[in-house]
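In the order they appear, the protein sequences are chains A and B.
Counting from 128, one number per residue, gives the positions in the first sequence under our numbering.
Counting from 128, one number per residue, gives the positions in the second sequence under our numbering.
Note that the Cβ used here is the ideal one computed from N, Cα and C, for glycine as well.
Read through the structure below, which is laid out as structure tokens, and then see the notes.
Number of protein chains: 2
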Amino acid sequence: MIRRLNEAILKTGAPIVVGLDPNLKFIPETIRKKAFAEYGETAEGAAEAFWQFNREIVDHVADLIPAVKPQIAMYEQFGLPGLAVYDRTVRYCHEKGLIVIADIKRGDIGSTSQAYALGHLGSTPVGGTSVRGFDADFVTVNPYLGSDGVKPFIEVAAGEGKGIFVLVKTSNPSSSELQDLMVQDGRGQMRPLYEVVGELVDTWGSGLMDGEYSDVGAVVGATYPEQGRALRQIMKHTVFLVPGYGAQGGRGRDLAHFFHPDGLGAIVNSSRGIIAAWKEEAYAAYGEAAFGEAARAAVVAMKEDIRGALEGK
Amino acid sequence: MIRRLNEAILKTGAPIVVGLDPNLKFIPETIRKKAFAEYGETAEGAAEAFWQFNREIVDHVADLIPAVKPQIAMYEQFGLPGLAVYDRTVRYCHEKGLIVIADIKRGDIGSTSQAYALGHLGSTPVGGTSVRGFDADFVTVNPYLGSDGVKPFIEVAAGEGKGIFVLVKTSNPSSSELQDLMVQDGRGQMRPLYEVVGELVDTWGSGLMDGEYSDVGAVVGATYPEQGRALRQIMKHTVFLVPGYGAQGGRGRDLAHFFHPDGLGAIVNSSRGIIAAWKEEAYAAYGEAAFGEAARAAVVAMKEDIRGALEGK
Numbered sequence: 128m129i130r131r132l133n134e135a136i137l138k139t140g141a142p143i144v145v146g147l148d149p150n151l152k153f154i155p156e157t158i159r160k161k162a163f164a165e166y167g168e169t170a171e172g173a174a175e176a177f178w179q180f181n182r183e184i185v186d187h188v189a190d191l192i193p194a195v196k197p198q199i200a201m202y203e204q205f206g207l208p209g210l211a212v213y214d215r216t217v218r219y220c221h222e223k224g225l226i227v228i229a230d231i232k233r234g235d236i237g238s239t240s241q242a243y244a245l246g247h248l249g250s251t252p253v254g255g256t257s258v259r260g261f262d263a264d265f266v267t268v269n270p271y272l273g274s275d276g277v278k279p280f281i282e283v284a285a286g287e288g289k290g291i292f293v294l295v296k297t298s299n300p301s302s303s304e305l306q307d308l309m310v311q312d313g314r315g316q317m318r319p320l321y322e323v324v325g326e327l328v329d330t331w332g333s334g335l336m337d338g339e340y341s342d343v344g345a346v347v348g349a350t351y352p353e354q355g356r357a358l359r360q361i362m363k364h365t366v367f368l369v370p371g372y373g374a375q376g377g378r379g380r381d382l383a384h385f386f387h388p389d390g391l392g393a394i395v396n397s398s399r400g401i402i403a404a405w406k407e408e409a410y411a412a413y414g415e416a417a418f419g420e421a422a423r424a425a426v427v428a429m430k431e432d433i434r435g436a437l438e439g440k
Numbered sequence: 128m129i130r131r132l133n134e135a136i137l138k139t140g141a142p143i144v145v146g147l148d149p150n151l152k153f154i155p156e157t158i159r160k161k162a163f164a165e166y167g168e169t170a171e172g173a174a175e176a177f178w179q180f181n182r183e184i185v186d187h188v189a190d191l192i193p194a195v196k197p198q199i200a201m202y203e204q205f206g207l208p209g210l211a212v213y214d215r216t217v218r219y220c221h222e223k224g225l226i227v228i229a230d231i232k233r234g235d236i237g238s239t240s241q242a243y244a245l246g247h248l249g250s251t252p253v254g255g256t257s258v259r260g261f262d263a264d265f266v267t268v269n270p271y272l273g274s275d276g277v278k279p280f281i282e283v284a285a286g287e288g289k290g291i292f293v294l295v296k297t298s299n300p301s302s303s304e305l306q307d308l309m310v311q312d313g314r315g316q317m318r319p320l321y322e323v324v325g326e327l328v329d330t331w332g333s334g335l336m337d338g339e340y341s342d343v344g345a346v347v348g349a350t351y352p353e354q355g356r357a358l359r360q361i362m363k364h365t366v367f368l369v370p371g372y373g374a375q376g377g378r379g380r381d382l383a384h385f386f387h388p389d390g391l392g393a394i395v396n397s398s399r400g401i402i403a404a405w406k407e408e409a410y411a412a413y414g415e416a417a418f419g420e421a422a423r424a425a426v427v428a429m430k431e432d433i434r435g436a437l438e439g440k
């Protein structure tokens with residue numbers, strides 16, 4: 128699947144993933160009003176507003192980008208109706224030819240990780256057949272439980288021709304609290320925990336190469352460019368999924384060294400900066416009704432920002 | 128909520144939580160056949176089998192125990208029908224007076240953790256009202272993202288009078304890979320990562336005391352009794368949620384020091400050992416149809432095992 132992702136990046140010229148993380152605050156009033164008129168101020172009403180919003184965004188950006196990254200928490204907070212729209216969004220993005228990176232950050236003991244992996248990337252046996260729960264192309268995975276919590280995801284991904292991104296250095300302010308702790312590695316050297324996790328990801332990924340890169344990727348935040356530089360050296364065949372661009376503070380010029388000279392090796396996510404662009408001063412002229420056009424303009428601007436950074440590298 | 132949990136532990140004399148982690152392999156054929164006859168070999172059929180199985184188990188153990196711990200992954204693997212039965216199980220356990228510890232192991236950047244927290248412990252604003260997604264009493268939380276990924280759970284728990292259990296030292300074989308790494312703590316001392324996380328949990332929990340104990344608990348695996356001893360010293364006011372008993376290898380006599388002299392301070396989980404007891408040689412005499420009775424007998428035996436260990440302490 129990473130080969131397909133890289134091909135789509137080269138074809139679109141956009142190492143960009145749009146985060147489909149809807150929030151009622153980002154959704155124009157007309158959509159909210161219509162959804163609430165039909166379903167009331169209920170979870171179903173919120174979910175309907177999410178769906179109408181997502182569809183408009185996807186319709187306006189699908190031809191520009193290789194992939195989307197729905198953050199399942201935004202849907203899960205509305206319970207079953209929310210998760211039904213998560214599922215519908217994944218399916219709709221597939222119809223549009225987009226690769227779906229499900230940001231689920233799951234991770235548990237082996238048998239439980241296997242259930243998550245089957246539910247989000249594979250299929251689960253039922254009697255003489257098997258059924259798909261959700262159907263993403265990649266999922267994000269939390270490494271705190273170690274290899275036996277990650278390997279079931281790798282095994283299912285391998286069987287399905289899909290992939291995963293393991294959290295290594297996350298974009299949030301307090302990611303330093305555990306991830307930057309100096310630890311003694313297997314050779315007795317002191318180094319930050321995220322480097323040890325990076326080495327594990329490199330090892331896990333070596334068994335799942337798909338062309339020049341591995342189907343086991345890494346999450347490395349745009350907000351930590353220096354740490355990203357070190358991690359690039361440790362994980363040479365790993366694609367970085369890079370959150371934290373835009374609203375969280377990351378900029379294109381900080382990210383050039385996340386990429387290899389072939390223009391691959393990283394895919395940068397922006398969520399709020401794209402889907403809520405219509406609320407930003409720079410895109411206010413589009414007006415509320417044209418929020419999809421505003422999102423499209425924001426993708427074009429992000430693409431230029433990153434292309435400029437890579438050309439100036 | 129931890130006070131209510133402790134009161135329920137004292138009343139039942141059982142510091143025990145039953146893991147409602149259904150698996151088609153544990154479910155008697157008659158239940159599976161009936162569910163598949165009605166819904167086909169589909170996700171709906173699997174979910175119906177889970178529901179009939181869970182209800183029978185809960186009906187047979189509810190009066191003996193304070194709490195249950197559904198592992199959401201087992202339901203999530205069957206997509207929306209699975210999660211509908213997760214939700215139904217949580218509601219049914221509440222009707223039976225049980226405290227529900229949702230084993231979801233979520234954790235993300237701040238705004239995303241807030242969505243998970245609202246979705247599983249609280250309620251999310253929709254227009255002029257707010258709606259509940261899922262409705263557990265406690266959730267488990269992954270600490271890899273640091274304080275800003277955990278605090279939204281604490282804030283929502285505080286507002287709702289609920290609680291959380293943070294992963295500190297998990298029960299799986301490779302938990303040592305990251306959690307046991309020797310790290311340099313804030314005072315320049317070398318110690319295992321799980322101890323640093325234990326100190327964070329102690330700090331986070333000090334702001335959310337509910338009687339003698341905090342609503343911020345810790346997950347400490349039964350399979351690592353020595354590490355549990357050190358963690359007990361670090362987290363004096365923290366209740367330990369202890370997985371890994373039974374099928375994973377933990378025994379009552381290893382766990383006495385997880386408890387304080389008041390008989391509180393820990394609650395031990397068993398999943399397969401209870402819900403699949405009818406498949407064990409020790410309970411085979413109950414037969415397949417009486418799987419609920421077998422589960423009840425397994426709870427009684429577990430209670431005796433732990434009581435014996437605490438009396439012999």
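Inter-residue Cα distance where the pair is residue 382 of chain B and residue 352 of chain B: On the second sequence, position 255 is the one that residue 382 of chain B refers to. On the second sequence, position 225 is the one that residue 352 of chain B refers to. If I take the Cα positions, the gap works out to 6 angstroms.
Flag residue 302 of chain A as yes if its beta-carbon sits less than 7 angstroms from any beta-carbon of chain B, otherwise no. For this step, residue 302 of chain A is matched to residue 175 along the first sequence. Answer yes: the Cβ-Cβ gap between residue 302 of chain A and chain B drops below 7 angstroms somewhere.
Go ahead and label residue 296 of chain A buried or exposed: buried means 16 or more other beta carbons lie within 10 angstroms of its beta carbon, across all protein chains shown. On the first sequence, residue 296 of chain A is found 169 positions in, with the first residue counted as 1. Residue 296 of chain A is classed as buried because its beta carbon has at least 16 other beta carbons within 10 Å across all chains shown.
Alpha carbons only, please: which of A:349, A:368 and A:173 is nearest the one belonging to residue 155 of chain A? Here residue 155 of chain A is taken as the residue at index 28 of the first sequence, counted from 1. If we check each option's Cα against that of residue 155 of chain A, A:173 comes out closest.
Got a sec: is the Cβ-Cβ distance from residue 308 of chain A to anything in chain B below 7 angstroms? Residue mapping note: residue 308 of chain A aligns to position 181 of the first sequence, counting from 1. Answer yes: the Cβ-Cβ gap between residue 308 of chain A and chain B drops below 7 angstroms somewhere.
Kindly examine the ligand FMN and report whether one of its heavy atoms sits closer than 6 angstroms to the Cβ of residue 341 of chain A. The ligand FMN is not part of the structure shown, which contains no ligands of any sort.
Per DSSP, which residues does residue 230 of chain A bridge with? Please list them. Locating residue 230 of chain A in the first sequence gives position 103, counting from the first residue. Answer is A:198, bridged to residue 230 of chain A.
Residues, ordered as in the chain, of the stretch 169 to 202 of chain B that lie near chain A by beta-carbon distance below 8 angstroms: Taken in chain order, the members of the stretch 169 to 202 of chain B whose beta-carbon sits within less than 8 angstroms of a beta-carbon on chain A are 169, 170, 172, 173, 198, 200 and 201.
Indicate whether at least one CB of chain B lies closer than 7 angstroms to the CB of residue 398 of chain A. Taking the first residue of the first sequence as position 1, residue 398 of chain A is located at position 271. Interface residue (Cβ-Cβ distance to chain B less than 7 angstroms): residue 398 of chain A is not classified as such.
So with CB distances below 7 angstroms, who are the chain B contacts of residue 236 of chain A? Numbered from 1 along the first sequence, position 109 holds the residue referred to as residue 236 of chain A. Within chain B, the residues placing a beta-carbon under 7 angstroms from that of residue 236 of chain A are 297, 298 and 299, ordered along the chain.
Determine, using beta-carbon pairs with one atom in the stretch 226 to 236 of chain A and one in the stretch 271 to 279 of chain A, whether at least three such pairs fall under 8 angstroms. As far as the Cβ criterion goes, the stretch 226 to 236 of chain A touches the stretch 271 to 279 of chain A, which means the pair count is three or higher.
Which whole-angstrom value describes the C-beta separation of residue 148 of chain A and residue 198 of chain A, a residue pair presumed to lie in contact below a C-beta threshold of 8 angstroms? By one-based count along the first sequence, residue 148 of chain A stands at place 21. By one-based count along the first sequence, residue 198 of chain A stands at place 71. Right, the Cβ-Cβ distance comes to about 4 angstroms (below 8 angstroms), so this counts as a contact.
Please list the partners that residue 271 of chain B has in chain A, where partner means a Cβ-to-Cβ separation under 8 angstroms. The sequence position of residue 271 of chain B within the second sequence is 144, counting from 1. The answer, in chain order, is 269, 270, 271, 294, 297, 305 and 306.
Got a sec: is the Cβ-Cβ distance from residue 239 of chain A to anything in chain B below 7 angstroms? Start at 1 with the first residue of the first sequence, and residue 239 of chain A comes out as number 112. Interface annotation, residue 239 of chain A: in contact with chain B, CB-CB separation under 7 angstroms.
Rounded Cβ spacing between residue 193 of chain B and residue 136 of chain B (contact assumed at less than 8 angstroms): Residue 193 of chain B sits at position 66 when you count from the first residue of the second sequence. Residue 136 of chain B sits at position 9 when you count from the first residue of the second sequence. Taking 8 angstroms as the upper bound for CB-CB distance, residue 193 of chain B and residue 136 of chain B are in contact here, some 5 angstroms apart.
Neighbour list for residue 256 of chain A in chain B, Cβ cutoff strictly below 7 angstroms: Within the first sequence, residue 256 of chain A is the residue found at index 129, counting from 1. Within chain B, the residues whose beta carbon sits less than 7 angstroms from that of residue 256 of chain A are 168, listed in sequence order.
Contact set between the stretch 204 to 221 of chain A and chain B, restricted to residues whose Cβ is under 7 angstroms from the partner: Going along the stretch 204 to 221 of chain A in chain order, one finds 204, 205, 206, 207, 209, 210, 211 and 214 with a Cβ nearer than 7 angstroms to chain B.
Excluding the 5 residues preceding and the 5 following residue 190 of chain A in the sequence, name in chain order all residues of the same chain whose CB lies nearer than 6 angstroms to its CB. As a working mapping, residue 190 of chain A is identified with position 63 in the first sequence. Closer than 6 angstroms at Cβ, skipping near neighbours: no residue.
Classify residue 352 of chain B as helix, strand or coil using the three-state DSSP reduction. For the purposes of this step, residue 352 of chain B is taken as residue 225 along the second sequence, with counting starting at 1. Per DSSP, reduced to three states, the secondary structure at residue 352 of chain B is helical.
Bridge partner(s) assigned by DSSP for residue 312 of chain B: As a first step, residue 312 of chain B must be located in the second sequence, where it is residue number 185. DSSP output for residue 312 of chain B lists no bridge partner at all.
Name the chain A residues that come within less than 9 angstroms of residue 333 of chain B, Cβ to Cβ? For the purposes of this step, residue 333 of chain B is taken as the residue at position 206 of the second sequence. The contacting residues do not exist; residue 333 of chain B stays about 17 angstroms from chain A at best.
Integer-rounded CB distance, given that residue 368 of chain B should sit under 8 angstroms from residue 292 of chain B: Within the second sequence, residue 292 of chain B is the residue found at index 165, counting from 1. Within the second sequence, residue 368 of chain B is the residue found at index 241, counting from 1. Right, their Cβ atoms sit about 4 angstroms apart.
To the nearest angstrom, report how far apart residue 239 of chain B and residue 245 of chain B are at their CA atoms. Residue numbering aside, residue 239 of chain B sits at position 112 when the second sequence is read from its first letter. Residue numbering aside, residue 245 of chain B sits at position 118 when the second sequence is read from its first letter. Taking the CA atoms as reference points, residue 239 of chain B sits about 10 angstroms from residue 245 of chain B.
Three-state secondary structure (DSSP) of residue 263 of chain A: On the first sequence, position 136 is the one that residue 263 of chain A refers to. The DSSP-derived three-state label of residue 263 of chain A is coil.
With a threshold of 8 angstroms, are at least 3 pairs of Cβ atoms found where one atom belongs to the stretch 421 to 428 of chain A and the other to the stretch 162 to 182 of chain B? Contact between the stretch 421 to 428 of chain A and the stretch 162 to 182 of chain B is not established, with fewer than three Cβ pairs separated by less than 8 angstroms.
Where residue 324 of chain A falls: helix, strand or coil (DSSP): Numbered from its first residue, the first sequence carries residue 324 of chain A at position 197. Shown here, residue 324 of chain A sits in a helix according to DSSP, grouped into three states.
Taking Cβ to Cβ, would you say residue 349 of chain B is nearer than 7 angstroms to residue 371 of chain B? Here residue 349 of chain B corresponds to residue number 222 of the second sequence, with the count starting at 1. Here residue 371 of chain B corresponds to residue number 244 of the second sequence, with the count starting at 1. At the C-beta level, residue 349 of chain B and residue 371 of chain B come within 7 angstroms of one another.
Under 8 angstroms: do the stretch 380 to 394 of chain B and the stretch 356 to 368 of chain B share three or more Cβ pairs, one atom per stretch? When Cβ pairs closer than 8 angstroms are counted between the two stretches, the stretch 380 to 394 of chain B is seen to touch the stretch 356 to 368 of chain B, the count reaching three or more.
At the 7 angstroms Cβ level, is residue 368 of chain A part of the contact set with chain B, yes or no? Taking the first residue of the first sequence as 1, we reach residue 368 of chain A at position 241. Nearest CB-CB separation between residue 368 of chain A and chain B: not below the 7 angstroms threshold.
Distance between residue 216 of chain A and residue 146 of chain B (C-alpha atoms, nearest Å): What you label residue 146 of chain B is simply residue 19 of the second sequence in a count that begins at 1. What you label residue 216 of chain A is simply residue 89 of the first sequence in a count that begins at 1. Cα to Cα, the separation comes out at about 32 angstroms.
What is the residue span of the alpha helix (DSSP H) that residue 133 of chain B lies within? Within the second sequence, the letter at position 6 stands for residue 133 of chain B. It spans 129 to 139 - the alpha helix (DSSP H) in which residue 133 of chain B sits, taken as one unbroken run.
Is residue 232 of chain B close to chain A, meaning its C-beta is less than 7 angstroms from at least one C-beta of that chain? Mapped onto the second sequence, residue 232 of chain B falls at position 105. Proximity of residue 232 of chain B to chain A, defined by a Cβ-Cβ separation below 7 angstroms, is satisfied.
What does DSSP give as the partner residues of residue 396 of chain B in its beta bridges? The sequence position of residue 396 of chain B within the second sequence is 269, counting from 1. In the DSSP output, where bridge partners are listed per residue, residue 396 of chain B has B:144.
Is it true that the CB of residue 331 of chain B sits closer than 7 angstroms to the CB of residue 323 of chain B? For the purposes of this step, residue 323 of chain B is taken as residue 196 along the second sequence, with counting starting at 1. For the purposes of this step, residue 331 of chain B is taken as residue 204 along the second sequence, with counting starting at 1. The answer is no: Cβ separation not under 7 angstroms.
Just grab the DSSP bridge partners of residue 336 of chain A for me. On the first sequence, position 209 is the one that residue 336 of chain A refers to. DSSP, once it has assigned bridges, lists A:341 as partnering residue 336 of chain A.
Mapping the DSSP letters down to three states, classify residue 271 of chain A as helix, strand or coil. Position 144 of the first sequence, counted from the first residue, corresponds to residue 271 of chain A. DSSP, read as helix, strand or coil, puts residue 271 of chain A in coil.
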